[in-house]
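Reviewing the structure listed below.
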Amino acid sequence: MECCIKFELWFIILLMVTIISLVLCCLCCLFGGILFTRRNMQN
């Protein structure tokens with residue numbers, strides 16, 4: 003029983019880490035895209 007609970011906890015932690023990293027990646031891409039377009043518009 004305890005083994006199953008530990009496995010579920012690990013699964014949830016891994017899932018959260020994956021989601022957070024994906025969100026951070028998307029935010030970085032959006033921020034980079036905005037900076038890139040602004041720089042192109044200024045030139």
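Heads up, the final residue of the sequence shown is numbered 45 in our numbering, and it's a clean run with no missing numbers. Note that beta-carbon positions come from the ideal geometry of N, C-alpha and C, so glycine has one too. Just so we're clear, the structure is a prediction, and the values are computed from it rather than from any experiment.
Specify the secondary structure class of residue i as computed by DSSP and reduced to three states.
i   : result
N45 : coil
Compute the Euclidean distance between the alpha carbons of residue i and residue j, then round it to the nearest angstrom.
i   : j   : result
L26 : F33 : 10 Å
F13 : L24 : 16 Å
I15 : Q44 : 43 Å
C30 : F9  : 31 Å
L47 : I36 : Residue 47 is absent from the model: the chain starts at 3 and stops at 45.
F38 : T20 : 27 Å
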